[in-house]
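Numbering (our numbering), first residue to last: 7 to 500.
Heads up: the structure comes next, in structure tokens.
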RNA sequence: GACCCUAUCGUCUAGUGGUUAGGACAUCAGGUUUUCAUCCUGAAAACCGGGGUUCGACUCCCCGUAGGGUCACCA
């Protein structure tokens with residue numbers, strides 16, 4: 007329910023809402039809508055309201071609502087009011103506000119601004135098809151619009167299936183969109199619109215209008231796909247005597263084929279990006295630049311700095327294609343900004359999940375040193391597993407051929423490995439550091455002419471991989487015993 | 001099909017009548033490096049088309065074209 011102080015909104019106060027329906031995941035497109043609302047509210051010291059539009063009981067699910075809330079929290083997009091749920095703000099839910107809607111619905115019915123319609127869905131569908139086929143805009147014929155009162159009463163008593171329609175009169179509707187300028191529509195092309203299935207079951211276009219008014223929303227910032235809903239909503243506002251909020255329709259986020267981002271493009275939950283090892287700050291930075299930019303050449307922005315720079319005037323009009331490569335770049339950038347300690351903490355869950363380490367007996371310092379040498383190679387946290395697994399495995403598995411540098415023969419290879427073993431065994435464990443190892447080995451590699459002759463087999467013997475961090479860094483972390491052991495194991499492969 | 005929206009490098013974009021059309025990602029080349037990544041340098045890469053308006057259009061107007069959105073008892 008709406009709290010008392012809700013009605014005491016100061017004139018001119020900025021109030022926006024993010025109003026997702028829990029019929030799908032909180033994906034990149036949804037998140038961007040939430041972000042822009044949040045930024046606009048913060049920028050103007052306004053309020054940011056979360057309203058779950060769950061009037062459609064069939065399609066709404068708690069799972070999606072949970073996902074939306076988790077996503078918002080992860081990105082740091084906290085809403086600024088709502089019903090008290092254990093000391094925190096919960097979301098407003100339309101499903102909990104049916105009384106409010108039915109009050110307004112009855113008002114419209116009484117004033118004959120809305121009426122019951124008894125046409126069947128099949129009938130309506132056939133009509134639509136026909137109208138489209140002859141090049142007309144599909145719209146309701148108005149068949150039930152002037153049914154005698156007694157007939158309506160009778161049908162209702164008979165429980166004849168019905169819905170409630172809003173009377174649309176022909177007129178020009180002009181509204182200003184903060185992003186697109188003046189937009190004009192002819193309501194004559196709309197027909198009478200369905201606003202509720204019954205008194206207790208309002209439909210989207212109606213509940214939105216009621217809530218935006220009741221919640222004193224000053225700016226409706228939403229996706230471009232709502233442009234054609236706006237004139238309908240304006241008409242209802244006028245019928246109900248509500249004032250009109252400002253509108254801003256955001257360009258859509260597009261898939262690679264330039265159509266609206268959807269499941270078809272694998273538009274998954276933002277939370278799944280978290281699982282993959284993307285950082286919230288990278289996601290926020292990335293999606294803020296989809297359809298907006300500050301006008302200068304800076305491209306790295308935190309949430310607070312976005313708040314400072316944000317303005318609706320700089321929002322783009324055209325849709326923006328979601329390009330994951332840029333997200334990856336940004337993510338790598340933000341990963342590089344983390345401290346080694348923090349990075350180790352963040353990587354730990356991925357290593358645990360892979361079964362490579364157990365939380366109980368993990369040495370955080372050891373982990374930190376491993377993660378550190380892969381710090382600037384990481385684009386996603388999840389990559390840490392594949393990159394560093396060889397530190398946690400007893401036995402490495404790789405093809406013998408991987409050891410071979412250029413055209414070396416088996417004999418030469420064996421020679422290299424033995425030489426490495428000989429050099430390293432002279433260094434005692436107490437002096438086993440990257441620098442000492444390097445000092446001991448590098449002069450020999452210079453002598454050999456091609457450094458790869460020694461260094462390449464060393465890398466592969468230690469890591470089992472063709473690309474890795476530097477072999478001296480790896481050797482230092484592995485320790486003397488393990489290093490020598492792996493060199494011997496490599497030799498055994500030959 | 002009707003209505004509406006949009007249009008600068010492959011992608012995200014800067015640009016508001018006079019610019020060598022700028023940046024970022026991606027790509028390519030070079031440098032650094034034993035590899036990969038990072039980092040540095042450089043290259044290639046765009047104003048959808050046609051008419052106007054104007055001394056002058058990427059920029060303003062019109063018409064095309066293309067793409068997209070919406071036309072539910074979904075939101």
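Idealized CB from N, CA, C, for every residue including glycine.
Keep in mind the model is a prediction, meaning the values are calculated, not measured.
Check, Outcome
"Nearest candidate by alpha-carbon position, reference residue 208, set 252, 114, 86, 449", "114"
"DSSP bridge partner residues for residue 90 (one or two, in chain order)", "95"
"Whole-angstrom C-beta distance between residue 318 and residue 185, which should lie under 8 Å", "6 Å"
"Rounded C-alpha distance that separates residue 330 from residue 34", "11 Å"
"DSSP-derived helix/strand/coil call for residue 363", "coil"
"Nearest to residue 298 (by Cα), restricted to the options 25, 31, 22, 38", "38"
"Residue 411 beta carbon less than 8 Å from that of residue 563", "There is simply no residue 563 to check, as the chain begins at 7 and stops at 500 in what is shown."
"DSSP state of residue 182 mapped onto helix, strand, coil", "strand"
"For residue 420, the three-state DSSP class (helix, strand or coil)", "helix"
"Through-space distance from residue 78 to residue 147, alpha-carbon basis", "43 Å"
"Exposed unless 16 or more other CB atoms sit within 10 angstroms - verdict on residue 66", "buried"
"8 Å Cβ cutoff met for residue 409 and residue 481", "no"
"In DSSP terms, what residue 190 is bridged to", "180"
"Backbone secondary structure at residue 462 - three-state DSSP", "helix"
"Distance CB(residue 290)-CB(residue 309) smaller than 8 Å", "yes"
"Helix, strand or coil at residue 174 [DSSP, three-state]", "coil"
"Close Cβ partners of residue 74 (< 6 Å) along its chain, the five nearest in sequence each way excluded", "26, 32"
"Cβ pair residue 29, residue 70 closer than 8 Å", "yes"
"Span separating the alpha-carbon of residue 10 from that of residue 128", "Here the model assigns residue 10 a pLDDT of 40, short of 50, so the residue's position is not dependable, and the following value carries that caveat. Taking the straight line joining both Cα atoms gives about 45 Å."
"Coarse secondary structure for residue 282, derived from DSSP in three states", "helix"
"DSSP-derived helix/strand/coil call for residue 303", "coil"
"Rounded C-alpha distance that separates residue 399 from residue 96", "46 Å"
"Through-space distance from residue 273 to residue 264, alpha-carbon basis", "13 Å"
"Residue 80 - DSSP class collapsed to helix/strand/coil", "helix"
"Residue 255 in three-state terms, based on DSSP", "strand"
"Assumed close pair residue 365, residue 350 - CB separation to whole angstroms, cut-off 8 Å", "Not a contact, Cβ separation roughly 13 Å."
"Spatial distance of residue 131 from residue 246 (CA atoms)", "29 Å"
"Limits of the unbroken alpha helix (DSSP H) element including residue 391", "389 to 398"
"Spatial distance of residue 305 from residue 312 (CA atoms)", "10 Å"
"Cutoff 7 Å; reference residue 340; Cβ partners in own chain excluding five residues on either side", "285, 287, 288"
"Three-pair Cβ contact test at 8 Å for the region 216 to 228 versus the region 48 to 66", "yes"
"Boundaries (first-last residue) of the alpha helix (DSSP H) holding residue 113", "104 to 116"
"Cα-Cα separation between residue 23 and residue 257, rounded to whole angstroms", "17 Å"
"Local conformation of residue 496 per DSSP, three classes", "helix"
"DSSP three-state assignment for residue 439, whether helix, strand or coil", "coil"
"Sub-8 Å separation of residue 120 and residue 201 beta-carbons", "yes"
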